[in-house]
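Enquirer: The structure follows.
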Amino acid sequence: MVNLDVEKHYKTSIIRDPSLWSSFFPRKIRSALRRKLLRRTVAKHGNDHVIQINIAERKSRFLWDIFTTLVELQWRWTLLLCIMVFLLTWFGFAFCWWLTALTHGDLLPENLNKAGYKPCVIG
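Once you know that position 62 of the sequence shown is 62 in the UniProt record's numbering, the rest is easy, because the numbers rise by one and skip nothing.
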């Protein structure tokens, strides 16, 4: 009498070991089995099957590669980060324009009322 557990284990070990496929399955079935056994790196719903363990300085390396960081983050954090960067660049350039106008005297009250005064910063 054959133990069913041993027989079941034998069948699953044949399917999981590609070196044994040539003696049991034709080529078309082997390629279909191989494609089925290959797991996706990223599933259809967005979860990834990559496990990162024993990486030295993992958090600092995560921030060094900004593209991977943005892909790995949840979409709401990525969107928030993009909006914040957009707003900060606008405020940064506005501050540069204001500082340039201030240092050249374009914002002084006596220069604002002059008829022939041409400001350095226009816009």
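Backbone N, C-alpha and C fix where the C-beta goes; we use that ideal spot for every residue, glycine too.
Just to confirm the assignment, what range does the alpha helix (DSSP H) spanning N113 have?
Expert: Locating residue 113 in the sequence shown gives position 113, where the first residue counts as 1. For N113, there is no enclosing alpha helix (DSSP H), as DSSP gives it neither H nor E.
Enquirer: Run through DSSP, which three-state label would F71 get?
Expert: Position 71 of the sequence shown, counted from the start, is the residue given in the question as residue 71. Here residue 71 is Val; the residue named in the question, Phe, does not match the sequence. Note: V71 maps to helix in three-state DSSP.
Enquirer: Going by DSSP in three states, V85 sits in which element: helix, strand or coil?
Expert: As a first step, residue 85 is located in the sequence shown; it is residue number 85 there, counting from the start. Note: V85 maps to helix in three-state DSSP.
Enquirer: Please state the DSSP three-state secondary structure of F91.
Expert: On the sequence shown, residue 91 is found 91 positions in, with the first residue counted as 1. Helix at F91.
Enquirer: Under a Cβ-count criterion, where at least 16 other Cβ atoms within 10 Å of its own Cβ denotes burial, should V2 be classed as buried or exposed?
Expert: Locating residue 2 in the sequence shown gives position 2, counting from the first residue. At V2 the pLDDT is 45, less than 50, meaning the model places this residue with poor confidence; the figure from the coordinates comes in the next sentence. By the neighbour-count rule (16 or more Cβ atoms within 10 Å), V2 is not buried but exposed.
Enquirer: Given residue 127, which residues of its chain have a CB within under 7 Å of its CB, disregarding the five upstream and five downstream residues?
Expert: Residue 127 lies beyond the range of the chain shown here (1 to 123); nothing can be said about it.
Enquirer: Could you check the C-alpha separation between L80 and Q74 for me, to the nearest Å?
Expert: Here the question's residue 80 lines up with position 80 in the sequence shown. Here the question's residue 74 lines up with position 74 in the sequence shown. Their backbone Cα atoms lie some 10 Å apart in a straight line.
Enquirer: Which residues in the same chain as L107 place their Cβ atom closer than 6 Å to its Cβ, once the five residues preceding and following it in sequence are excluded?
Expert: As a position in the sequence shown, residue 107 is number 107, starting the count at 1. Closer than 6 Å at Cβ, skipping near neighbours: A101.
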